[in-house]
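Let me begin by presenting the structure, written as structure tokens, before commenting on it.
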Amino acid sequence: DQQVKQNSPSLSVQEGRISILNCDYTNSMFDYFLWYKKYPAEGPTFLISISSIKDKNEDGRFTVFLNKSAKHLSLHIVPSQPGDSAVYFCAASARNQFYFGTGTSLTVIP
Amino acid sequence: DGGITQSPKYLFRKEGQNVTLSCEQNLNHDAMYWYRQDPGQGLRLIYYSQIVNDFQKGDIAEGYSVSREKKESFPLTVTSAQKNPTAFYLCASSIGTETTQYFGPGTRLTVL
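So, in structure tokens, the structure goes:
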């Protein structure tokens, strides 16, 4: 049972435009959400996080939005750069366990 | 230079052999984790440890075993009972179990 879902396996965006990656979850007990970026054959690297008491967190070009009523999380990257091309995983945490989505492969076209 | 390391990067084993994957961290983190990644799937938790000498099963613990004798080390043994051992294995650590996890570079295990 996939508690965290990323329904878009891939996304292509022109350089300079906004990339929006989406994530849905089913467990209302999740209270901490994260985005990780992963290059092939490497471990994921932490990108940005948000607590359930907030609805937005911003760090440079990256902004995460949380809509608790919709159980929806999104990551905005603006402006997108070719180096942003990678697989992005969202993750949610509750009671000592993290649950990861299946990932969205982002390609930023120069 | 603090970080989390996994070795080796690539590992090949014959079917029926047990194999142990190494994970070491010098971040002074209490919690450590093992995940498995397969194509088209999210990271799935195998085992996690909140503290030395303690560990808990994750969602897919069958066919795996771990130990946590030292804070810095959390080795994973893939036993012959694991039916589909070929995968990319990721180790992670965090200060506590509800804080951001930091991942190692991963080990790709191929069972021939």
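Going line by line, the protein sequences match chains Y and W.
Those letters in the first sequence? Residues 920 to 1029, by the working numbering.
Those letters in the second sequence? Residues 11 to 122, by the working numbering.
Quick reminder that beta carbons are idealized off the backbone N, C-alpha and C, glycines included.
Supposed close pair residue i, residue j - CB separation, criterion 8 Å
| i | j | result |
| --- | --- | --- |
| Leu953(Y) | Ala1010(Y) | 5 Å |
| Leu31(W) | Leu119(W) | 7 Å |
| Tyr74(W) | Gln92(W) | 6 Å |
| Phe22(W) | Leu122(W) | 6 Å |
| Gly962(Y) | Gly116(W) | 5 Å |
| Ala41(W) | Gly114(W) | Incorrect: roughly 14 Å between the Cβ atoms, too far for contact. |
Interface partners of residue i on chain Y, CB under 9 Å
| i | result |
| --- | --- |
| Phe113(W) | Tyr955, Lys957, Glu961, Gly962, Pro963, Thr964, Phe965 |
Enclosing beta strand (DSSP E) for residue i [first to last residue]
| i | result |
| --- | --- |
| Leu940(Y) | 938-944 |
| Phe984(Y) | 981-986 |
| Glu977(Y) | 975-978 |
| Gln1016(Y) | 1016-1019 |
| Leu953(Y) | 951-957 |
| Val997(Y) | Segment: none, Val997(Y) is in no beta strand (DSSP E) and carries neither H nor E. |
| Ser1024(Y) | 1023-1028 |
| Phe1004(Y) | The sequence shown places Ser at residue 1004(Y), rather than the Phe named in the question. Note, Ser1004(Y): premise wrong, no beta strand (DSSP E); not H, not E. |
CB contact flag (residue i, residue j, <9 Å)
| i | j | result |
| --- | --- | --- |
| Lys990(Y) | Tyr944(Y) | yes |
| Arg992(Y) | Ile969(Y) | First, the residue type needs correcting, since residue 992(Y) is Leu and not Arg in the sequence shown. Contact: yes. |
| Val1006(Y) | Ile937(Y) | no |
| Ala960(Y) | Lys24(W) | no |
| Asn94(W) | Arg78(W) | no |
| Val76(W) | Val29(W) | no |
| Leu1025(Y) | Ser947(Y) | no |
| Glu200(W) | Tyr951(Y) | What the structure shows of chain W is the stretch from 11 to 122, and residue 200(W) is not part of that stretch, so it cannot be assessed. |
Interface residues of chain W facing residue i [CB-CB closer than 7 Å]
| i | result |
| --- | --- |
| Gln1016(Y) | Leu55 |
| Thr1021(Y) | Gly50, Gln51, Gly52 |
| Tyr951(Y) | Glu108 |
Neighbour list for residue i in chain W, Cβ cutoff strictly below 8 Å
| i | result |
| --- | --- |
| Val923(Y) | Gly52 |
| Ser1012(Y) | Glu108 |
| Ser968(Y) | Thr110 |
| Phe1008(Y) | Gly52, Leu53 |
Within chain Y, partners of residue i - CB distance below 7 Å
| i | result |
| --- | --- |
| Gly13(W) | Going along chain Y, no residue has its Cβ under 7 Å from Gly13(W), so there is no contact; the nearest lies around 10 Å. |
Within chain Y, partners of residue i - CB distance below 8 Å
| i | result |
| --- | --- |
| Arg118(W) | Ala960 |
| Leu86(W) | Within chain Y, no residue comes near Leu86(W); the closest Cβ sits about 14 Å away, beyond 8 Å. |
(message) Suppose only complete runs of 3+ residues qualify. What are the beta strand (DSSP E) ranges in the stretch 36-110 of chain W, listed by chain order?
(response) 41-47, 54-61, 64-67, 74-76, 86-88, 97-104
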